[in-house]
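Protein chains in written order, with my numbering: chain A, 1206 to 1493; chain B, 1206 to 1493; chain C, 1206 to 1493; chain D, 1206 to 1493.
So the structure is just underneath, and the comments pick up after that.
There are 4 protein chains.
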Amino acid sequence: MFSEAVPTARLLIACPDARGIVAAVARFIAEHGGNLLDADQHTDREHGEFFMRAEFDLTGCDLDAENFSRAWSPLAQRHSMTWRIRFNARPMRTAILVGTLPHCLHDLLWRHQAGELPIEIPAIISNHDTLRAVAEHAGIRFHHLPMGNEGKAAQETAIRTVLDDEHIDLVILARYMQVLSTEFLRGWENRIINIHHSFLPAFAGGDPYRQAFERGVKVIGATSHYVTEVLDDGPIIAQDVAHVSHRSSVDDLKRMGRDLERTVLARAVRAHVHDRVLVSKNKTVVFD
Amino acid sequence: MFSEAVPTARLLIACPDARGIVAAVARFIAEHGGNLLDADQHTDREHGEFFMRAEFDLTGCDLDAENFSRAWSPLAQRHSMTWRIRFNARPMRTAILVGTLPHCLHDLLWRHQAGELPIEIPAIISNHDTLRAVAEHAGIRFHHLPMGNEGKAAQETAIRTVLDDEHIDLVILARYMQVLSTEFLRGWENRIINIHHSFLPAFAGGDPYRQAFERGVKVIGATSHYVTEVLDDGPIIAQDVAHVSHRSSVDDLKRMGRDLERTVLARAVRAHVHDRVLVSKNKTVVFD
Amino acid sequence: MFSEAVPTARLLIACPDARGIVAAVARFIAEHGGNLLDADQHTDREHGEFFMRAEFDLTGCDLDAENFSRAWSPLAQRHSMTWRIRFNARPMRTAILVGTLPHCLHDLLWRHQAGELPIEIPAIISNHDTLRAVAEHAGIRFHHLPMGNEGKAAQETAIRTVLDDEHIDLVILARYMQVLSTEFLRGWENRIINIHHSFLPAFAGGDPYRQAFERGVKVIGATSHYVTEVLDDGPIIAQDVAHVSHRSSVDDLKRMGRDLERTVLARAVRAHVHDRVLVSKNKTVVFD
Amino acid sequence: MFSEAVPTARLLIACPDARGIVAAVARFIAEHGGNLLDADQHTDREHGEFFMRAEFDLTGCDLDAENFSRAWSPLAQRHSMTWRIRFNARPMRTAILVGTLPHCLHDLLWRHQAGELPIEIPAIISNHDTLRAVAEHAGIRFHHLPMGNEGKAAQETAIRTVLDDEHIDLVILARYMQVLSTEFLRGWENRIINIHHSFLPAFAGGDPYRQAFERGVKVIGATSHYVTEVLDDGPIIAQDVAHVSHRSSVDDLKRMGRDLERTVLARAVRAHVHDRVLVSKNKTVVFD
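What follows is the structure, given as structure tokens:
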């Protein structure tokens, strides 16, 4: 998709649609000595919104994390932009939250080792102790933080402390089966990625493979989305499906679903850590 | 899938699971001089139900539509079978109900001409006059039966009269946008096939492409199912999906959806007219 | 994908990769009063090649088909660009060449009627008379141009005359089973689209479904490509596949293949007529 | 797909097509007190061949591994059957051969742990020492058997010794990059499963992702097949594909291919160890 060999920056923009934005952004980058490697944009004509992702080579460029904001502000203000930029020297610091099911965790660790995901994983957190060995074999610190007598708020505070201590950028819920509270989510908008084991919005809530079996669907799915206050309702980043038949038992659906979940979650995480996802009106723009 | 050149019969069975049913059925057919061409069965272990489809060559067989029931009854009663058989001399007589959208109708007519569907189509019925020319170009009588001042009951009676007069076996709702009443459906269980333009149970009801667009799904679908009293809730026969992205407008979804609808409806009709579908507990067994 | 309501131009560029091209193109369009609606680009890092598609709104723009070339030339020359532009007032004039199989022709006509393809179809040409009625029912002139005693060259001259007389921009081979000569192809590079009934490069040449059956593949495909001198070897525009099993006879493969062929050919034609395809080194860049 | 809780036997049959085979087999099983759980059959009408898979419950059945052959022989001879049976008390003893790429090995080990594959893995063998730690972490003995000065024959003898010592039933080539000699393959027909990283027969031989990239295909694939003397030509058990675009570099194809390879290999192994695969004329019948 792009070379990771050269130092680059990735700029993501959302603003009201108007004439000349692409030209203005391209000129800004060129004037500062950046070379635009990849520019993708999307216009939501229905709502008059404009979205853009620009990745540019920093070789010979006078912009950096320190001075960018000042140089960029006039243009951003003129177009009422919401924007963010990442100078990609540093892989995203990622915490993985898990329950007792290992397949998504295994898969993320394997992809990380294989160099597929430009992330660091300083912490794996769980309300169960089941997957400690998996984490420790990978050399990653495992935090067993169950819901104790002090309740959910205390547990979430403990989790929050780990995230803060480890300077976490991204949280992945790899079949973590607890609902996170509104308080917890505050400040983490579009930075917590969940995998739901159905084709949302079908079969939200518990035991979706059982629900799918009972309904007799001929296709099952998995959905990766950002977590919001409303359960299983956040902006969808990636989905995929598999064909099933009357021969598929609930256990077969779960087995086939594991393959879907692993692939779909990895795809969503990959898009996120490459700064390819913008959110607007509870939907995502995923530049590919 | 099977040769249409030799005269065959297709027997469909549902009964409580028990030892030796396959052997008993196979022996029955062999003793009557039939040659079992294809036997497929399925056991729903959860509910202890057994399903079987047997297709046998009638050359040299002493069974026919007249005498089958008497010969078969003892075995059927012993196992408390629900069953049906079709001696396939005659293609199913099929009525197509349409609204104003032509794509599913076009597609069924084209597949019929191409020899893909062993059916006869003596009638096309609509509450609009829009598709009259399509029907008539195909040499099929078009019945314009709108909901008039006399209301829905009168309209359904008129439709029912056409179905009776034409000795219809199967009704296909090829984007027919009216809900059929409970009275109408009586006697037509598992003989009316609808195409719904979403991946059910997601986006049941009206305007599913708009719903899918608003939710920001990354996959859209189509579902073909038998019609029951509960809207969009009948046993699912076939489903398929297509990947979409943020670039897809509602009109794009509709365009891509048309391709899905045509294929999925044809697949369901094909399974039905080859006697490959059994229904139990609002789910289908589709032998392939 | 884009609004057809406003007058737009689509510019396609290929050139050696260099700094600042996107910025330069964006600035050029802005300076002439155009509003960049959609800009997509791709860099082939292996060969150091840059590709770009820019679509811009012509409202208030001082560029038109007459003056564009002069204004654009300095920039094009500076970057050694290969380029083309289309001011999209006029749908592409398209000729469809067919043999005896109707499904792809039917499908293209149907999509044209449904407004899916912004083309005009002034001519349908065949070496057989089989599909005359299909053409004429659609109100399109049918040219029966068989290979007579005077041989292939004479036949191709006759075809060429129709293409010239009708000012054809694009030729679609909708299961036309004749090989076109090198002479015929001259001047039609990347303007003749074929549908091959296999997943190329597997099963090039004749009777690919039979070949697929004999090899026992579990997936069949269809490939749409630009026609070049080497049979079944031109740049691939679109491909798709379907799962099959040991139960699928050659006739089943053909039936399932018809659905693939229709969809894949339509997708390729759609990309072409929306000016989304660039060719380089026998491969395509298909902007979506 | 089937219950592993009850003791069952699986019988696989191939023979010339004839009347009454299903009935005869069903009766044989019933007469010996077996309960037919699942019977699937397929007739290759083109070659007049009949294939059947029967799985039956052994509770109350008088057949076992010792006496089956004698009881069965008369029927088998009457129909000139090729057949095999497996009394499934024992999981298949499986050796995995690997090179340096870990993804398929990882995946098989993970599925084995998750209970997806009813096999034992007493040996992992490689001509490289790279994956020793992966094997040993899983508690499986790793045999580093490189091609030394004594050449390929000596190496293959060493591999053969491990297979014999460990009573191996099935060999999986999980991205093992050496060609096995004709001598080695003798006696292992349809018991060595390979994963090839392309959609065969396209891109047989070396570096298929590079080949796919150069050809500019829009779909890549993976193929799992039994190994025969002719490289990449054995009977295909499973295939799957993924869509790619001009944006996909060779490295992207490899990354996406890894996911395909893992899934397709697992699907083939699963079909094999559940005794669902029959081979005839270099093609497979895979009962599902």
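Note that CB positions come from ideal geometry on N, CA and C, so glycine has one too.
Mind listing the chain B neighbours of residue i? Cutoff is C-beta to C-beta under 9 Å, in chain order.
i       : result
D/D1245 : A1244, D1245, Q1246
C/H1342 : H1342
If the cut is a Cβ gap below 8 Å, which residues of chain D does residue i touch?
i       : result
C/H1349 : None at all; the shortest Cβ gap to chain D is about 35 Å.
C/S1450 : V1491, D1493
B/V1446 : The premise fails here: B/V1446 is roughly 14 Å from chain D at the closest Cβ pair, so nothing lies under 8 Å.
B/R1232 : A1228, A1231, R1232
C/P1406 : A1407, F1408, R1420, V1422
Could you give the distance in angstroms between the alpha-carbon of residue i and the alpha-carbon of residue j?
i       : j       : result
D/D1445 : C/H1448 : 8 Å
C/R1250 : D/A1443 : 34 Å
B/V1227 : D/A1228 : 8 Å
A/L1336 : D/A1379 : 27 Å
B/A1473 : C/R1463 : 17 Å
D/A1319 : C/E1419 : 37 Å
C/R1224 : A/T1489 : 30 Å
C/I1397 : A/H1247 : 31 Å
C/A1235 : A/V1491 : 27 Å
C/M1352 : C/L1470 : 26 Å
C/R1237 : C/F1261 : Position check: residue 1237 of chain C holds His in this sequence, whereas Arg was assumed. Roughly 11 Å between the two C-alpha positions.
A/L1385 : A/H1333 : 16 Å
Hey, residue i and residue j: beta-carbon distance below 9 Å or not?
i       : j       : result
C/H1479 : C/P1327 : no
A/V1432 : A/G1439 : yes
A/I1218 : A/A1270 : no
C/P1291 : C/I1373 : The sequence shown places Arg at residue 1291 of chain C, rather than the Pro named in the question. No, Cβ-Cβ distance for C/R1291 and C/I1373 is not below 9 Å.
D/L1405 : D/T1387 : no
C/L1268 : C/A1214 : yes
B/I1400 : B/E1466 : yes
B/N1240 : B/G1265 : yes
Taking 9 Å as the CB-CB cut-off, is residue i touching chain C?
i       : result
A/A1228 : yes
D/G1426 : yes
D/D1249 : yes
B/H1308 : yes
Taking 9 Å as the threshold (beta carbon to beta carbon), is residue i in contact with chain D?
i       : result
A/D1464 : yes
B/D1480 : no
Within the 9 Å Cβ cut-off, does residue i reach chain A?
i       : result
C/R1295 : no
C/R1224 : yes
B/N1487 : yes
C/A1417 : no
D/Q1383 : no
Name the chain A residues whose beta carbon is nearer than 7 Å to that of residue i?
i       : result
B/I1441 : G1421, V1422, K1423
D/E1321 : R1460
C/A1235 : G1225, A1228
Can you pull the chain C residues whose beta carbon is under 7 Å from the beta carbon of residue i, in chain order?
i       : result
B/T1468 : D1464
B/H1311 : W1315
Does any residue of chain F have a CB that is nearer than 9 Å to the CB of residue i?
i       : result
A/L1241 : Checking the listed chains, one finds no chain F in this structure; the protein chains it contains are A, B, C and D.
Can you check DSSP and say which residues form a bridge with residue i?
i       : result
B/I1387 : Sequence inspection shows Thr at residue 1387 of chain B; the Ile mentioned does not correspond to that position. The partner list for B/T1387 (beta bridge, DSSP) is empty, contrary to what the question assumes.
C/R1249 : The identity of residue 1249 of chain C in the sequence shown is Asp, whereas the question assumes Arg. According to DSSP, which records beta bridges pairwise, C/D1249 is partnered with C/E1254.
D/K1488 : D/S1485
C/R1463 : For C/R1463, which the question treats as bridged, DSSP gives no partner whatsoever.
Within 9 Å of any Cβ in chain B, is that where the Cβ of residue i sits?
i       : result
C/M1206 : With a pLDDT of only 39 at C/M1206, under the threshold of 50, the placement of this residue in the model should not be trusted, and no figure is reported.
C/H1317 : no
A/E1357 : Note that residue 1357 of chain A corresponds to Lys in the displayed sequence, not to Glu. Cβ-Cβ to chain B under 9 Å: no for A/K1357.
A/S1278 : no
C/H1430 : no
A/S1454 : yes
Taking Cβ-Cβ distances shorter than 9 Å, what residues in chain D pair up with residue i?
i       : result
B/A1219 : Ordered by position in chain D, no residue passes the 9 Å Cβ test against B/A1219, which lies about 17 Å from the chain.
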